[in-house]
Structure formats: C-alpha cells, structure tokens
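What follows is one structure encoded as structure tokens, with my remarks underneath.
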Amino acid sequence: MLVGVGSCLSDPLTFSQKKSQVKVIMCFLGDTGMCSSAPGLVWQGPLCGLGEWEEIGEVDENYAPIHTYQVCKVMEQNQNNWLLTSWISNEGASRIFIELKFTLRDCNSLPGGLGTCKETFNMYYFESDDEDGRNIKENQYIKIDTIAADESFTELDLGDRVMKLNTEVRDVGPLTKKGFYLAFQDVGACIALVSVRVYYKKCPSVIRNLARFPDTITGADSSQLLEVSGVCINHSVTEEAPKMHCSAEGEWLVPIGKCLCKAGYEEKNNTCQVCRPGFFKASPHSPSCSKCPPHSYTLDEASTSCLCEEHYFRKESDPPTMACTRPPSAPRSAISNVNETSVFLEWIPPADTGGRKDVSYYIACKKCSSHSGLCEACGGHVRYLPQQTGLKNTSVMMVDLLAHTNYTFEIEAVNGVSDQNPGARQFVSVNVTTNQAAPSPVSTVKKGKITKNSISLSWQEPDRPNGIILEYEIKYFEKDQETSYTIIKSKETAITADGLKPGSAYVFQIRARTAAGYGGFSRRFEFETSPVCKCFSLLPAPRQKYSSVVVCFFFFPRRCGYSKAKQDPEEEKMHFHNGHIKLPGVRTYVDPHTYEDPNQAVHEFAKEIEASCITIERVIGAGEFGEVCSGRLKLQGKREFPVAIKTLKVGYTEKQRRDFLGEASIMGQFDHPNIIHLEGVVTKSKPVMIVTEYMENGSLDTFLKKNDGQFTVIQLVGMLRGIASGMKYLSDMGYVHRDLAARNILINSNLVCKVSDFGLSRVLEDDPEAAYTTRGGKIPIRWTAPEAIAFRKFTSASDVWSYGIVMWEVMSYGERPYWEMTNQDVIKAVEEGYRLPSPMDCPAALYQLMLDCWQKDRNSRPKFDEIVSMLDKLIRNPSSLKTLVNASSRVSNLLVEHSPVGSGAYRSVGEWLEAIKMGRYTEIFMENGYSSMDAVAQVTLE
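Numbering-wise (the numbering used here), the sequence shown opens with residue 24 and increments by one.
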C-alpha cells in the first residue's frame, strides 16, 4: 500500500556539507524524523492538489505519524494530475536545489499489465515576486525534469510492508525573482511523494588570515566563483585587501591577500593580542611580540619599540630589534713611522667597540710650533692615504707634509652612535717631526712665444718647496723620440728651448732641486713649433679622371695658428686617454678591460644594490644573457621608483658573467641626462642583475615606427639634440660608442632620448644588423663609417658618421637605412661616393648636416659639440627649418650621388673651391698662380 503525504515545513534549517553549508528554505515530509525534529522549523503551508492527488496520514512501524501525497489513476487514460506548493521565497539565492523522496509502483506488477500505466512523473516551477501568481495556467510553468524511479515496488513489497524510497535531486537557476512555486504532474503513474526538501548552498561565515568573510550565497552558474572581500578583525591591518572566492559547492577557495596584526599586537588563536610590557612589535610584518633587546626597555602595552637605557643609543637606521649601543673606547698602541715628509700611522682597535660592528677611524692633523707650543689645523694640502675619515683599516699614511715640522695626529674611533654622545669620544695622540725632503713636482707650466724653431715656457714654484729652490732641470724631447732628449738647467722659472724642428711636437718635464736633492719630474707638457706650410691631399670623387689633386696652403704666424691636437681628433683623444694634456674638470673614461680583476672595475664604477630592494613586475624583452624586466627599486630614504632590470640567466660561465657586468662597468662611469643612468648592480646574490632607469617608450626606432608622422619637426630636432648632447659627453670622456643606431637609443615618456647599449664588440657580434668584414669580426655595416669598415678605425669621427644615419632614421620615422640593399652593396655604394637621399619633408639644413656627417675624410666631419651648437641654433630659429629639400632634386634612385670633382665639372677655381667648402682660399690660389683648373690638376706633392 502507499504511504501517505506530509505537511509543509520551512527555513531556518541549516546543515553542514563538507566545508560548505546548505540552507533549507522549504520542507514537505512524511518522516518527521528527517526534518521536523530540527530546531527552528516553521510551518510553510500545504501542498495543494489540483487533480487527483490525495493527502494520506498513517503511522510507521514505530507508530510515528507520517504523511504522503499519492496518486494512482492507472486504470484511466489521459491522466493530468497536478500537485502545487505554496509560494517559496528564494531568500536571495539565484540557484536552488530540490530533493525528492518518493515511491513508485512497478507497472508490470499491476493486474493485467496496464498499457496506460507510467513509471515517471514531471516536476515544474514558476517564478513570481509574490503569492499572487498562484492561479496561473499550466502552460506557464517551466519544466524542470521528468523524474523516474531507480527502484519500484510490487505487490509483494506491500505485503511485507517494505517501502522502497527513491531520492532524486534537481537544481534550478538562475532565478531572477523573489520566489517561485513548485508543481508535480502525474500523467498516469502509481506514485507517493514522501518528502520534498528545497534548499540552496552558501559559503559559511569564516575568519581566515585575520579577515572575516560573511555568509555568501553561491552563484547561479555551477562553475562560477564569487569574489568576496573580507574585513580585517580588530587591531589588524592590510596592505593588500583580503579576498576569497565562494565556489558553486559552497566552499571557500583561492585566498588572496591577508590581514596582519598591527604594530604592538601579535596573532594568537586567529586573533590579535596586545604585546605585554617588556615586549614590542615594530611592524605588522613581524611574526610576534619580541622581548626588548639588550640595554632597552618598555613599560607600556602595545609597544612598537623599546627605549634605550641611559648612555646607550640607537642610530636612526638601526632596526628596533637591534640592541642599544654606545660609542667605542679609544684606539690602542698607536705607532708612527716618518719618511721625509710622509708619516705612516698604525694602531690596534679599541678594546670596547660599544657593541657595534660599524667602527671606523678619523684622523685629526695639527701642526705645532716648536717655539710657542701652539697648534693649528694642518690645512688642505695634506693628503691622507687612503682617506682621512671613515677609515676601516687600522693604518693610514699622511703625505705632502712640510719638512722639519712638528705634527700631532689624533686617532679617534667612531661608530654609528658617536654623534649622539660627543662627550664620550676618545682618541689616542701621536707626536712626530718630519725630516728634510725634496720639493714637490711643478704643477703648472705655461707656454710663451712659439716660433718655427723655438718654444718659450714659464712655470710656478712647486706647491711644497720644502726648502730653498737651488735650480730647475728641464727635460725635453721630440714626441715619440723619448730615448733622445735634452736637459736645460735654470735658476729662473722660465726658459726658451731653441734649435727645434718646425711643425713638430715636443714634450717637456720640469723638476726642482733643494739641499735635500731633486724632486720628482712634473707631468708631461706637450707643445708644438710653428709650421712652415701644410699640404692637403684632395682625394678624387667618383669617376674622376685625375689620380689625385694636392694643394699646398701657406700659413703665416700673423694670420693663423696651428694646433695638431685640434686638427686631428685621434691625436686629441690619445692625449686625453694617456693624461698628457688632461683638461681640468673633465672626467676620463677608463676601459674596464684594463683591470686585471674585472670584478674590481664593477665594484669601483657600479653601486651594489641589495636584491631585497628590487621588485620584478614583468618581462619586457630578452637580452643576450637573460631576460629584461621592468620593476621597482626602493632604496633607503628614497621613494620607490620604476627601473629596468637585466638578469643573467642560470648556468652562466664566468666569461659570460664578466661580459655581462662589463657593460655596467662602462655605464657606471657616465652621468649625463642623455645617457642611460645606471642605478646599480646585484652581484652578491642570484640572479645577477644590472638595474637602470626605466624608459617608458622603449627603443627609438620602434617608437618612431609606431608614431609615424605624429611629431613636429621641432620635436624631432629636440630628440636629435638630446642624442648629440649625450654623444658629445661620451666623446669628451674619450669613449667611442661604435654601435650608435636608433635601436640603441631609448626614449622616455617626456620624449627625452638617451644613448644606451655599451656592450661594445660583444653586442656587435650578436647584432642582426652586423656583418663580417674582410678584417674579421662583425660590425653594423649600415651605420658604420667607411674607415671603420675597411680598417676598423673607430673614433669619435666614426661615431659622427653613425649619428648622421640616426638623423636619417629619425627624420624618416624609423625607416631602414639603404632599404633592402645587401651589406656588400651598401659598402660598395658608399665607397663610390653615394649617400642616402633626403627623407620626405626633411628640412634642407638637417639634410646638409647629414651629408656633413657622411664626409669620406673623417677630419672633415663636424665634431659633436659643433652638431649640438648647430641644432641649438635651429631650435632657437624655427623658421630656418621651413626650407625643405626640393622634391625635384631627390633622385628616384635609392641613393644620391655627389657631383664629381674634376676640371670638366667646374668653370673656375673659385667655383670648385666653393663646392668643396674651401672658398676662403681662393685668393691664396690666385696669388700662387693657380688660376685655372688645368693648373690645379698639375699640382704635385712636392
């Protein structure tokens, strides 16, 4: 027989399911033990039969009342019996679940095996915002599913009073209204509904990572994760908002961020508890309250630091976990060693360092009178090796002292807290008397009158004569002839060296003598005699029929001067490198490859950065040795700022590490607004990194291609001016770039261009633009001067050629120089005198500057300081940029050919001289009989 149907109960039934919770919002049941015994159940209302469903109440084997709804109209055809619930509030849930428990009669067990009998029934729902939607038509209900029984009962089961319950669960969603009705349709089955339970799932409120997350109803989609923000519990803070995700099954997943107990509180049992007196916590990131370090205390709860005891101190940069310290005691057992006017001091560290490791030493020097006994500060002429303050070693040498003079040296030990207790400073004194000494070297030499056979010089007395100067010795020789020299002795501070060769360079050195002997020679001073004449060989232009044209220009002292160093950029650089004519106030580039230990160069020129100060955010490219990333750098006492980070990949060789850091050794020597700035290196941890300023717009060639035609001519000239300014700085320092190209220029958000990529030949070997030359090695052919390709003669003048190509790239918005020509075709064309044509809409003044940079004779190319000056004039006078290169003069060929120089091409000598930019010499040519091109063509070297 069928068991009868129950009553309708609801709410507040909540039960756990794994880590989730299920909230029952409606329950109809026949077994009172399944639902009605739960606390807080509220009557929801009956199921209403619209057809032939019957509510039947009975008792079970324990005589407990049970209720069912049943229908069994299997004898009649076309059954359509409906059972409808009252209105059910979904309580905000957009997805609900219906659990059915029912029994169903096996049709085959019925008498005669009725063909109209069914073994399924249908379940429907209808959404409504209120209870007024009860009386609606059947066709407005939405079908949830056809429900079939896994097990059906027979007449035998009825006799044995066995109830075969089926349990089926279906879900409905997404729901968009406040509530809904459920309906069950019988179409001819023998069925009894024993239990209907309606519920939704939710993630229960929880405290995780010190953040409270509220009850959260799951989403409408079975795969949806709902992001839920948590709220930090009392006395906790967060840097990243805590979040978790509520899954469709009611489980908390994917926690993000967390709360931390604020300073003065520690986490215990998932709460923040106050630090007791005598304990402190300085930062939310500290794990727990710590006991006050030695020589410090606190009497308050929730302390974030501890106070130092009397006579103990903390440096401002000391962490609060560090013990309080005090100044050190005096150094011990100081001894001295006097060598003429030099004194070497050595001592033993203090017995008490004050509890600190940052002990250093300061040397105070006093010069004392032997008559009055009074002392005064030594002054700035004394040199301390290695230094006067911040000494880490327990020894120092003082040089350039005065001879026969009494000195007192005070050696003081200091540490990080010495400044906070000046009265506690202690030192040890050493008294010495210097010996007789030779004079110091002459430091300043001036040239006087110079003729073709003589040079007059004068100089100042040495800074430290150390006695009466008896005489001077002047040594001089012709440059590069050092083994054959002449010495002149003089009691005056001036001499004239005669009998010299015209137009030749001579090197002079001077030293002084006192009763103690000769001092050291001065540095080398180089001067040149006046020339008699100077000859220029005018090389032929393409297809000239003459082999060469040689012109002799006569110079007279009253009309012109001559400086070889100024006329030959290579000579000027050599002097600069070797220190022969070192300009005051100009820094000199030092090649890191000259260091026996490359690591020494890195540490000398690049600042070491702690890896913890760097945050890598994303990969922005790939370099030869590893990834290039963007990130942020936070240095002590400074704001965090963006940087670019080159990393050295894992598994590197020592050579790769040396080459990688070699670029930093070069970059670290430069300090200019148009040179990429090195922030520092990371060498003491892995990965090894080079950290530079971050340039938002990347490489100049790519940036220009992306923004084709978007800038004014003045903006483009401003970019070129910045590049030229950076190259002037490098040239002044004696550095030759060798790979100047738009791809190696970086540009920031303010359109400031900065020269980068200082890898030298290493970069060229792996440059896709490079090609092998006949002399071996790889160089970027399209950007390289002819003499550098043919003879590997790299100078600032070859960098100027490359700068001209960069100008062309900028004015053509990143177009590839020489287009698709092969490297060999480029070499041949340039050698024959062809040059790139003017870019479209290029001002004539800029294109003329490009052509000047591409002069075959490197001595004829402008210097970078001249380029900067010229661009400044153009920027100050924008109207000069309005004249464009005439489109009709831009030949259709890929390159433009210079006019040949020959007698058939020009009507007069003056026209020819103007064409080669030597028009100022027309008068001299005429005075010396060269009045026709035929006469010029007959000039010989002699």
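Glycine included, every Cβ here is placed at the ideal spot set by N, Cα and C. Everything numeric in this text was worked out from a predicted model, so none of it was measured.
The C-alpha of GLY837 lies about 15 Å from the C-alpha of VAL740. The DSSP assignment places 178-182 as complete runs of the alpha helix (DSSP H) inside the region 160-229, in order along the chain (cut-off: 4 residues).
By alpha-carbon distance to SER319, the top candidate from SER246, LEU414 and PRO300 is PRO300. CYS398 sits in a strand when the DSSP states are folded into three classes. Excluding residues up to 5 positions away in sequence, SER835 lie with their Cβ nearer than 8 Å to the Cβ of MET863 in the same chain. GLY749 sits buried, since 16 or more C-beta atoms from the chains shown fall within 10 Å of its C-beta.
Here the alpha carbons of VAL704 and LYS630 stand approximately 6 Å from one another. Secondary structure at PHE531: strand, using DSSP grouped into helix, strand and coil. ASN438 sits away from THR344, with the two beta carbons spaced by 8 Å or more. Boundaries of the beta strand (DSSP E) harbouring TRP482: 478-482, taken from the DSSP string.
By DSSP's assignment, SER132 forms no beta bridge with any residue.
Spanning the alpha carbons of CYS398 and LYS380 requires a straight line of approximately 33 Å.
Rounded to the nearest whole angstrom, the C-alpha separation of ALA520 and LYS514 is 15 Å.
The bridge partners DSSP lists for LYS390 are GLU399 and TYR430. Contact annotation: VAL775 and HIS760 have beta-carbon atoms that are not nearer than 8 Å. It is roughly 49 Å from the alpha-carbon of GLU501 to the alpha-carbon of TYR384.
Boundaries cannot be given for ARG299, as no alpha helix (DSSP H) includes it and DSSP labels it neither H nor E. One thing to note: VAL666 has its Cβ within 8 Å of the Cβ of GLU702.
In this structure, the beta-carbon distance from VAL455 to ALA357 does not fall below 8 Å. PRO485 is not bridged by DSSP to any residue. Between ARG355 and CYS347, the C-beta spacing is not below 8 Å. Exclusion of the five residues before and after THR239 leaves LYS225, CYS226, LEU249, VAL251 and CYS269 as the residues of its chain whose Cβ lies within less than 7 Å of its Cβ. Rounded to whole angstroms, GLU832 and TRP877 show a C-alpha spacing of 14 Å.
In terms of Cβ geometry, GLY287 and ALA325 form a close pair [threshold 8 Å]. LYS801 and LYS728 have their C-alpha atoms spaced approximately 26 Å apart. Between the alpha carbons of PRO485 and GLY471 lies a distance of about 19 Å. Residue state for LYS512 is assigned as strand, using DSSP reduced to three classes. LYS669 sits close to GLY649, with the two beta carbons spaced by under 8 Å. Its chain contains ALA461, PRO462, SER463, PRO464, PRO485, ARG534 and ALA535 as the residues whose beta carbon lies nearer than 7 Å to that of GLY542, once the 5 sequence neighbours on both sides are disregarded; these appear in chain order. Counting the other CB atoms within 10 Å of its CB gives GLY403 a total below 16, which places it among the exposed residues. Closest in C-alpha terms to ASP682, from the list PHE781, ASN909 and HIS700, comes PHE781. The C-beta distance from ASN113 to PHE203 rounds to 7 Å, short enough to meet the 8 Å contact threshold. The beta carbons of LYS266 and GLY280 sit about 6 Å from each other, so the pair counts as a contact at 8 Å.
One thing to note: PRO866 has its Cβ within 8 Å of the Cβ of VAL736. In the DSSP assignment, PHE550 falls within the unbroken beta strand (DSSP E) covering 548-551.
Judged by DSSP secondary structure, LYS141 falls outside any beta strand (DSSP E); it is assigned neither H nor E.
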